[in-house]
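Visitor: The following block contains the structure, expressed as structure tokens.
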Amino acid sequence: MVNVVEIRAALDMHHEWLLVREAGRTFPLYASEIEIADSVDKVLFGFLDDNGFNSWRLNEATLGEDEITLDVAGAFGRKRETIRLFRRTSASEFTAEIEIARLKKANEIAALIESNFTGLKLGRVALNVESGRLAQINFDSAEKAPMAAIADVTGKLTVETVFTAAMLWLEGLGARKKRPVLDIWIVCEKRTSRNSQKLHALLTEKWKSKITIFEIDRKTEPVRLVELPKRKIRDLWREKAGKLTIPADPNPSGIAEHIMDLSPEKIDLIFSKQGETLRFMGLPFARVRSMLGLEKGWFGVGKNRHILAPANAKLLDQLAAELELYRSPDSPNKRHEFYRTAPEAWLESIFRRNIKLLDANLILSPIYNQFRSANDKIDLLALRRDGRLVIIELKTQPDREMVFQAADYWRKIELQRRRGLLAEANLFGGLEILDKPALVYLVAPAWNFHRDFEFFARTVSPDIEVWRFELHENWREKVKVIGRMSCSKNLISIN
């Protein structure tokens, strides 16, 4: 049994805490920024970080002198993990241990660079100041030219994160008056090297010439660095296209229809290989699966799920009423988990119902956008009236990797388009897809584009036509596009 009073008392004993996730991610918090609350028959643990409010079901808590260990789970118990809270005095010691291990890894990579290239002279080896998760290595080439290398020392960072960090660091190094650095190496383990090579191919020629990708080959003795060849975009179309999987029957099951009837204007349905997920303004709250030929349903937000059965009908009605109240623009409690959780999914659900709020010339795919798989991260796929495909990426918080994430989605969709897979799937009800590369629409509230957005938008190949759509900040109440701009053609339209 989780004792909320004891946990709250332990938290209040110290003003500052360091939250440590299983993957090594850390975040400093004040005690007042940590929520422990009873909710019906469960206890919720919540905290606010750079990505917004996080809410978890708290299964168990262990209180120590300087540490609190929490066993938590996300929606439907899918993301169960252990979160540790350290009071800041002891947290500094814990952080120091992590930093020492990462710095050791950075020095190992630096030694690998030195041993693989004759005449190279190592300089400074450090961790990046922002997060301490990237090795930053300065060295001189055999020709005495100042160079730099960067590498993920956690094994957890995305390719997009490494590229954005590398490019910003290189910009700073290149602006130095003395010995400016004009080239950078990105050193990768095998599992990320191919995706790094693909993203590199999507950059402008200027940036492709500045960045070189190296793969660490650990199958040899001694371990060596292998330079990967620079690829052109046209080289990417020789790859095998990812399988396009769409639901065989894009109609809701009987149980799903019954749940959707609770609020037809606010509940939508997403198909996946595991069944159907029902969302209230983008927030998942019910699941339906076919098991041994029988439909079975569950409902609830978080791990607190109930089987859909006549005996639980009142609980489902109660949940629907709470969602109506709190998952609303005029919610009486805007710190409620229903209001703050999954804001991007909320925005997506608005456009799913009326994509013309974004652009009157768009037609949303009635099939593609109803299906989600583990590898499918594209928010929405649409067709312009002239037949041009449009990839729509939504954000509600500043995201430095937004441009590169969208470029990678563009590569995958464009490969499927060129292979004819999208046309064969008849995603747009018989409408023809124009034989031109897809457009990319990047959409966010006006003040929520990352400050480096324009810099990164200029680094992607002109073959990728990117548009920036700025929304009014109060998008939950009413979506309004207040500005749009072509990032490649410098065309601006203000509404």
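Under our numbering, think of the first position of the sequence shown as 1285, with each following residue one higher. Ideal placement from N, C-alpha and C gives every residue a C-beta, glycine not left out.
Starting from Tyr-1693, trace the alpha helix (DSSP H) both ways and give me its first and last residue.
Guide: 1686 to 1702
Visitor: Which of the three DSSP states, helix, strand or coil, is assigned to Asp-1325?
Guide: coil
Visitor: So, does the stretch 1710 to 1722 touch the stretch 1734 to 1743, judging by three or more C-beta pairs under 8 Å?
Guide: no
Visitor: Output needed for Glu-1398: all residues of its chain with C-beta closer than 7 Å, excluding positions within five of it in sequence on either side, in chain order.
Guide: The residues are Leu-1404 and Leu-1406.
Visitor: Whole angstroms is fine: what's the gap from Leu-1711's alpha carbon to Ser-1649's?
Guide: 6 Å
Visitor: Sort Ile-1318, Val-1288, Val-1289 and Asn-1287 by Cα distance to His-1299 and report the nearest one.
Guide: Ile-1318
Visitor: Give the straight-line distance between the Cα atoms of Thr-1353 and Arg-1637, rounded to the nearest whole angstrom.
Guide: Note on geometry: alpha-carbon atoms of Thr-1353 and Arg-1637 lie some 42 Å from one another.
Visitor: Counting Cβ pairs closer than 8 Å, one from the stretch 1686 to 1693 and one from the stretch 1661 to 1677, do we hit at least three?
Guide: yes
Visitor: If I'm right that Gln-1681 touches Asn-1732 with Cβ under 8 Å, what's the distance once you round it to whole angstroms?
Guide: With a Cβ gap of about 6 Å, Gln-1681 and Asn-1732 count as contacting.
Visitor: If I follow the unbroken beta strand (DSSP E) through Phe-1569, where does it start and stop?
Guide: 1567 to 1575
Visitor: Could you tell me the distance, in whole angstroms, from the CA atom of Phe-1311 to the CA atom of Gly-1714?
Guide: One C-alpha to the other measures close to 50 Å.
Visitor: So Ile-1393 and Val-1471 are supposed to be a Cβ contact under 8 Å. How far apart are they, rounded?
Guide: About 6 Å separates the beta carbon of Ile-1393 from that of Val-1471, a gap short enough to meet the 8 Å contact definition.
Visitor: The beta strand (DSSP E) spanning Asn-1422 covers which residue range?
Guide: 1418 to 1424
Visitor: Could you give the first and the last residue of the continuous beta strand (DSSP E) run that contains Arg-1768?
Guide: Residues 1765 to 1770.
Visitor: When you compare only the Cα positions, how much space is there between Tyr-1652 and Ile-1530?
Guide: Between the alpha carbons of Tyr-1652 and Ile-1530 lies a gap of roughly 7 Å.
Visitor: With a floor of 4 residues, list each alpha helix (DSSP H) that falls wholly inside the stretch 1502 to 1557, ordered by position along the chain.
Guide: Runs found: 1517 to 1520 and 1538 to 1544.
Visitor: In three-state terms, what does DSSP make of Leu-1441?
Guide: coil
Visitor: Taking just the CA atoms, how far does Arg-1515 sit from Ala-1410?
Guide: 30 Å
Visitor: Is the CB-CB distance between Ile-1539 and Val-1510 below 8 Å?
Guide: Between Ile-1539 and Val-1510, the C-beta gap is not smaller than 8 Å, which leaves the two residues out of contact.
Visitor: Below 8 Å on the Cβ atoms is my guess for Leu-1642 versus Val-1765; work out the distance and round it to an integer in Å.
Guide: 6 Å
Visitor: Measuring alpha carbon to alpha carbon, tell me which of Ala-1728, Leu-1599, Lys-1440 and Leu-1295 ends up nearest Phe-1369.
Guide: The question names Phe, but residue 1369 is Leu in the sequence shown. Scanning Ala-1728, Leu-1599, Lys-1440 and Leu-1295 for the CA closest to the CA of Leu-1369 turns up Leu-1295.
Visitor: According to DSSP, which residues form a beta bridge with His-1590?
Guide: Phe-1583
Visitor: Tell me which same chain residues have a C-beta within less than 7 Å of the C-beta of Gln-1558, skipping the five on either side of it?
Guide: Arg-1573
Visitor: Is Leu-1784 helix, strand or coil when you go by DSSP?
Guide: For residue 1784 there is no data in the structure shown, the boundaries of the chain being 1285 and 1779.
Visitor: Helix, strand or coil for Ser-1665, going by three-state DSSP, please let me know.
Guide: Rather than Ser, the amino acid found at residue 1665 in this sequence is Leu. Here Leu-1665 sits in strand by DSSP.
Visitor: Give me the DSSP bridge partner(s) of Met-1431.
Guide: DSSP lists Phe-1423 as partners of Met-1431.
Visitor: On the CB-based measure, 16 or more other CB atoms within 10 Å of its CB, does Glu-1549 come out buried or exposed?
Guide: exposed
Visitor: Looking at Ser-1339: is its Cβ nearer than 8 Å to the Cβ of Leu-1328?
Guide: yes
Visitor: Counting C-beta neighbours from all protein chains within 10 Å, is the total for Ile-1384 16 or more, i.e. buried, or is it exposed?
Guide: exposed
Visitor: Could you check which residue in Glu-1489, Lys-1482 and Lys-1474 has the C-alpha nearest to that of Val-1507?
Guide: Answer by Cα proximity: Lys-1474.
Visitor: Please classify Ile-1468 as buried or exposed, where buried requires at least 16 other C-beta atoms within 10 Å of its C-beta.
Guide: Buried: at least 16 other Cβ atoms inside 10 Å.
Visitor: In the DSSP assignment, what are the bridge partners of Asn-1338?
Guide: Phe-1331
Visitor: State the CB to CB distance for the pair Glu-1754 and Ala-1730, rounded to an integer number of angstroms; the pair is presumed to be in contact (CB under 8 Å).
Guide: 4 Å
Visitor: Name the two residues that bound the continuous beta strand (DSSP E) containing Asp-1355.
Guide: 1351 to 1357
Visitor: What residue range does the beta strand (DSSP E) around Trp-1731 cover?
Guide: Run containing Trp-1731: none; DSSP gives neither H nor E here.
Visitor: Looking at Arg-1611 and Met-1565, is the spacing between their C-beta atoms short of 8 Å?
Guide: yes
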